[in-house]
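Heads up, the sequence shown is in numbering that gives the first Met the number 0, so the first residue is 0 and it goes up one at a time. The beta carbon of each residue, even a glycine, is placed where N, CA and C say it ideally should be. In what follows, a single structure is set out as structure tokens and then discussed.
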Amino acid sequence: MKLKATLRLENGLEFQGYSLGCTQAVGGEVVFNTSMVGYPEQLTDPTYNQQILCLTYPLIGNYGVPSEELIGESLSKNLESEKIQPKGLVVFDYCEDYSNWEAVKSLEQWMNEQGLTGIYGIDTRELAKILRDKGPMKGCIIPEGAKAPEAVKEPSPAEVTCKEPITYKAQPAQDVENVNGSKAATTAGKRVVLVDCGARHSIIRGLIARGAEVVRVPYNYDFTEMEYDGVYVSNGPGCLCNYGETVEILKKVLAGNKPVFGLGVGYHLIAKAAGCEMARLEHPHRSSNQPTRREGSNRTYITSQNVYRTIKPESIPSDWEVYFTNLNDGTVDGIRHKTKPFAGTQFNPEVCVGLTENITPIDEFISKL
């Protein structure tokens with residue numbers, strides 16, 4: 000017999016469905032993603048730490064979950080971190096039977112192992128429309144017979160960052176190709192400091208595959224006395240107010256001339272260090288089909304984004320300029336310095352080999368090391 004469950008939002012709305020995975024009641028900020036595939040990667044993305052993730056694609060679970068195998072001691076081979084990051088999962092239809100050559104277990108088995116509470120059987124697209132129009136709001140998943148959670152834990156970079164510096168040795172530079180067949184940039188003998196605000200492991204895999212040694216440091220670690228050739232500031236969860244130490248460190252970095260790149264929260268932190276102000280997006284960008292135009296060209300990219308804030312264009316300093324513009328709402332999707340090798344993007348310019356054509360900003364970063 001199926002165990003019933005309820006998704007309750009802070010505005011009083013309730014959705015009735017069935018329990019999936021762990022049966023403990025959980026609470027968190029409810030967010031959505033409209034991607035058709037990629038739930039193992041989304042569930043291990045530290046950006047979703049402490050949140051309740053709603054997936055709008057109607058069928059979830061049909062290709063199972065890949066191995067949690069590690070490369071070395073701390074780098075996931077297939078996933079974006081060592082564990083599931085959200086507190087809850089919301090789907091329309093869960094598929095118990097899975098089939099994929101890389102799958103080693105079902106989604107629900109993985110959820111039970113990792114303590115992830117889920118709910119299925121609700122109208123996820125209706126929920127996404129509510130969150131799109133009203134903005135993110137807190138909520139809770141309450142399986143039948145469980146007590147509602149008393150408090151919602153806020154996401155923090157301290158929960159997802161590494162605890163001490165970790166070095167990943169470079170691989171021999173591969174013939175990296177973009178999806179359009181063009182050759183991607185590689186390097187050799189260069190060291191990149193990865194500021195770990197909640198870094199996806201695909202960033203590390205992609206950088207070492209391009210020939211760079213990666214030194215992953217905690218988000219509040221002052222690395223400015225280290226020897227390095229470039230700085231990559233990662234994605235991460237939560238409010239920018241939690242990253243005050245990171246901003247102060249980046250101010251010192253931006254006083255120099257070494258290449259700097261940031262994405263997601265990392266991009267926003269670079270922007271704050273440069274003097275930009277932030278604004279909340281009227282409609283958060285939470286999908287893998289966000290169109291963005293590179294300024295100064297007619298090139299348009301279809302990008303993956305998971306953000307609810309943007310830069311106020313009028314606050315961009317005179318020595319910086321708009322790099323990318325979102326074609327859905329006209330907001331700023333990226334900025335870069337006019338004379339120094341500093342840049343950042345709102346979207347995920349996936350550095351994994353051959354996965355996407357949105358690799359151009361990384362090509363530029365690598366080529367400037």
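- Thinking C-alpha only, which one of Gln15, Thr5, Pro85, Pro39 is nearest Pro236? Comparing Cα-Cα distances from Pro236 to each of Gln15, Thr5, Pro85, Pro39, the minimum goes to Pro85.
- Query: If you check the beta carbons only, do Glu28 and Lys128 fall under 8 Å apart?
  - Reply: no
- Task: Tell me whether the beta-carbon of Ile202 lies closer than 8 Å to the beta-carbon of Ser233.
- Result: Yes. Within cutoff.
- Message: Does the region 74–83 come into contact with the region 37–47, if we say contact requires no fewer than three beta-carbon pairs (one atom in each stretch) closer than 8 Å?
- Response: yes
- Find the nearest neighbour of Lys104 within the set Gly63, Gly87, Ile141, judged by alpha-carbon distance. Gly63
- Please confirm if the region 278–285 is in contact with the region 249–269, defined as three or more CB-CB distances below 8 Å between the two stretches. no
- Query: How is Leu74 classed by DSSP in three states: helix, strand or coil?
  - Reply: strand
- DSSP beta-bridge partners of His336: Residue pairing for His336: DSSP places it in a beta bridge opposite Trp319.
- Query: So what's Leu12 in DSSP terms, helix, strand or just coil?
  - Reply: Reduced to three states, the DSSP call for Leu12 is coil.
- Query: Just how far apart, CA to CA, sit Met35 and Tyr56?
  - Reply: 5 Å
- Message: Here's the rule: buried if 16 or more other CB atoms are within 10 angstroms of the residue's CB, otherwise exposed. What is Arg298?
- Response: exposed
- Contacts around Leu123, its chain only, beta-carbon distance under 7 Å, and the 5 residues preceding and following it disregarded: Leu is not the amino acid found at residue 123; the sequence shown has Thr there. Within the same chain, Thr123 has close Cβ partners Cys53, Leu54, Thr55, Val89, Val90, Phe91.
- Item | Same chain only: Cβ atoms within 6 Å of Ala169, ignoring 5 sequence neighbours per side | Ile207, Gly210, Ala211, Glu212
- Task: Kindly indicate the opening and closing residues of the beta strand (DSSP E) around Asn32.
- Result: 25–32
- Message: Within 10 Å of its beta-carbon, does Lys133 have 16 or more other beta-carbons around it, so buried, or fewer, so exposed?
- Response: Burial state of Lys133 is exposed, judged by a 10 Å Cβ sphere holding fewer than 16 other Cβ atoms.
- Task: Check whether the region 187–203 touches the region 145–152, taking contact to mean three or more Cβ pairs, one atom from each stretch, closer than 8 Å.
- Result: Contact between the region 187–203 and the region 145–152 is absent, because fewer than three Cβ pairs lie under 8 Å.
- Query: Taking the alpha helix (DSSP H) that Ile129 falls in, what are its first and last residues?
  - Reply: 123–133
- Query: Between Glu320 and Leu8, what straight-line distance do the alpha-carbon atoms span, to the nearest angstrom?
  - Reply: 40 Å
- Message: Quick check on DSSP: helix, strand or coil for Lys168?
- Response: Coil.
- Item | C-beta contact flag for Thr302 and Thr291 at 8 Å | It is a contact, given that the beta carbons lie within the stated cut-off.
- Task: Within 10 angstroms of the Cβ of Asp318, are there 16 or more other Cβ atoms? Answer buried if so, exposed if not.
- Result: exposed
- In terms of residues, what are the limits of the beta strand (DSSP E) holding Met277? 277–293
- Message: For Arg293 and Cys161, I'd like the C-alpha separation in whole angstroms.
- Response: 33 Å
- Going by beta carbon distance, what residues of the same chain come within less than 8 Å of Ile121, once the five residues before and after it are set aside? Leu6, Phe14, Gln15, Gly16, Val89, Phe91
- Message: So within the region 183–221, which uninterrupted alpha helix (DSSP H) runs reach at least 4 residues, ignoring any that extend past its ends?
- Response: 200–208
- Could you check how far apart the C-beta atoms of Tyr227 and Val214 are, in whole angstroms? I think they sit under 8 Å. 7 Å
- Determine the direct distance from the alpha carbon of Glu112 to that of Val350, and round the result to whole angstroms. Interpretation of Val350 is limited by its pLDDT of 39, a score under 50 that renders its predicted location unreliable; no figure is taken from the coordinates.
- Message: Quick check on the burial criterion: 16 or more other C-beta atoms within 10 angstroms. Buried or exposed for Pro171?
- Response: Label assigned to Pro171: exposed.
- Item | Val259 to Gly11 span [Cα, whole Å] | Each residue's alpha carbon lies about 44 Å from the other.
- Query: Does the distance from the CB of Ile59 to the CB of Cys94 come in under 8 Å?
  - Reply: yes
- Message: Gly274 and Pro312 - do their beta-carbons sit closer together than 8 Å?
- Response: no
- Backbone CA spacing between Gly255 and Asp332 [nearest angstrom]: 24 Å
- Message: Just to confirm my understanding: we take Val151, look at its own chain, exclude 5 residues before and 5 after, and list those with CB closer than 6 Å. What are they?
- Response: Gly26, Gly27, Lys137
- Task: Look up Tyr227 in the DSSP assignment and say whether it is helix, strand or coil.
- Result: The answer is coil: DSSP assigns Tyr227 none of H, G, I, E or B.
- Given a threshold of 16 other Cβ atoms within 10 Å of its Cβ, counted over all protein chains shown, does Lys225 qualify as buried or as exposed? The residue asked about is misnamed: residue 225 is Met in this sequence, not Lys. Exposed, by the Cβ-count rule.
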